[in-house]
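Data block below; observations after.
Numbering (this note's numbering), first residue to last: 21 to 424.
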């Protein structure tokens, strides 16, 4: 039996596993000086809303009765959740989407990785650097990335769109023909959000070159600025070139429940094939749907009282970002993000490598970050701090920054 040879191409473990290993080593070799403040993982800290819990209990009770029991979910999701998404996330905002274009999933991360089942193996993929690691790793596994160059720290078949301080983290358009472009806005890790005109430029490019945009909008709920689009379908022509992916994890705290959805417009037709129909066929073969109980929990997210509490939680995370950003700047750091996303992108004062900066923050402040180099070459000299944290942790971090 032969195995997939692409797994041997990975030079290191998935970044968050590596961070946990570094933290374990540190705790084994250093006497406890202070409480470790872990701001590395983008996992929520607030518990699930009571309205969501009530929906879960009710759905569980329904599963215990013959006349209300549900087995496999419909391949596109239960109609009650599909309609709630359509009415609240799109129709209420005047965004052109129809019910047949919504596919319920077990999370945005899965969709981002699995959507490439629809692509030919020899297509050209473009990613923004810095990038969310799954965009790269899933394409490596699928033989689309080529070989890893130890000098450039990049994959030979991928096209990298530069996003750095020089262009205010707004990536350049591809300078060569590409087939698929991964965009993630508001961005993880930099916290950057594209304006309507900046996003429209990518849509125009995709339509001109018959490319497809995979638009990962997992952090859409954190958008505060009126100039930031809440969906790529607010851009003219986006229905002809874009798939949109959204998540309940970071907005409603579903990181442990796993629920998301994807919009595949019926307008997306390549080589005579409908991507909407192809994905429906793929789901019928490979996925039995998110559970009825979890989908009922997702429906509860759209209750007015639940929406109000979720909005308050998001404002809390963003307030954390504002407080920490101010303290970091006062301490002499250069900091980006935090306005429309729950992440701070912090630059090393001494232009250290990302892992050296990680070590300094851990040793000096007992703060765990995520090294920027894990997100691409443009992440070198940076770390990412997650603001999904309880008040106590944020207060302690600010206190340490002021003391040191």
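Virtual Cβ for every residue (Gly too), placed ideally from N, Cα, C.
Cross-strand partners of residue i (DSSP beta bridge)
| i | result |
| --- | --- |
| residue 391 | 403 |
| residue 326 | DSSP lists no partner for residue 326. |
| residue 293 | 290 |
| residue 355 | 366 |
| residue 233 | 201 and 262 |
| residue 57 | 387 |
| residue 148 | 181 |
Proximity below 9 Å, CB of residue i to CB of residue j
| i | j | result |
| --- | --- | --- |
| residue 446 | residue 268 | Residue 446 lies beyond the stretch modelled for the chain, which goes from 21 to 424, so this question has no answer here. |
| residue 390 | residue 61 | yes |
| residue 8 | residue 262 | The structure shown does not extend to residue 8, since the chain is modelled only from 21 to 424, so the question has no answer here. |
| residue 232 | residue 190 | no |
| residue 213 | residue 361 | yes |
| residue 234 | residue 265 | yes |
| residue 193 | residue 225 | yes |
| residue 341 | residue 359 | yes |
| residue 126 | residue 343 | no |
| residue 379 | residue 401 | no |
| residue 237 | residue 250 | yes |
| residue 215 | residue 247 | yes |
| residue 57 | residue 404 | no |
| residue 170 | residue 176 | no |
| residue 118 | residue 106 | yes |
| residue 91 | residue 124 | no |
| residue 273 | residue 51 | no |
| residue 159 | residue 296 | no |
| residue 330 | residue 245 | no |
| residue 94 | residue 259 | no |
| residue 157 | residue 30 | yes |
| residue 242 | residue 334 | yes |
| residue 53 | residue 386 | yes |
Residue i (DSSP reduced to helix, strand or coil)
| i | result |
| --- | --- |
| residue 364 | strand |
| residue 42 | helix |
| residue 313 | helix |
| residue 154 | helix |
| residue 438 | The structure shown does not extend to residue 438, since the chain is modelled only from 21 to 424, so the question has no answer here. |
| residue 168 | strand |
| residue 23 | coil |
| residue 321 | coil |
| residue 411 | helix |
| residue 267 | strand |
| residue 426 | Nothing can be reported for residue 426: it is not among the residues displayed for the chain, which extend from 21 to 424. |
| residue 418 | helix |
| residue 347 | helix |
| residue 48 | helix |
| residue 335 | helix |
| residue 252 | helix |
| residue 371 | coil |
| residue 424 | coil |
| residue 378 | helix |
| residue 240 | helix |
| residue 308 | coil |
| residue 247 | coil |
Short CB-CB distance (under 9 Å) between residue i and chain C
| i | result |
| --- | --- |
| residue 136 | Protein chains in the displayed structure number just one, and chain C is not present. |
Hey, which unbroken runs of the beta strand (DSSP E) at 3 residues or more fall wholly within the region 175 to 227?
-> 179 to 182 and 200 to 204
Three CB pairs or more closer than 8 Å across the region 284 to 298 and the region 75 to 86 = no
Would you call the region 130 to 143 and the region 292 to 308 in contact, with 3 or more CB pairs under 8 Å?
-> yes
Is the region 411 to 422 touching the region 275 to 285, taking contact as three or more C-beta pairs under 8 Å?
-> no
Do three or more CB pairs link the region 311 to 330 to the region 59 to 75 at distances below 8 Å?
-> yes
Run through the region 62 to 146 for me and flag every whole alpha helix (DSSP H) of 4 or more residues, listed as ranges in chain order.
-> 70 to 82, 99 to 105 and 128 to 134
How do the region 206 to 213 and the region 392 to 407 stand: do at least 3 beta-carbon pairs fall below 8 Å, yes or no?
-> yes
The region 342 to 349 in contact with the region 362 to 369 per 3-pair CB rule at 8 Å = yes
State whether the region 38 to 50 contacts the region 180 to 187, with contact taken as three or more CB pairs (one from each stretch) at a distance under 8 Å.
-> no
Can we say the region 23 to 42 touches the region 158 to 165, given the rule of at least three CB pairs closer than 8 Å?
-> yes
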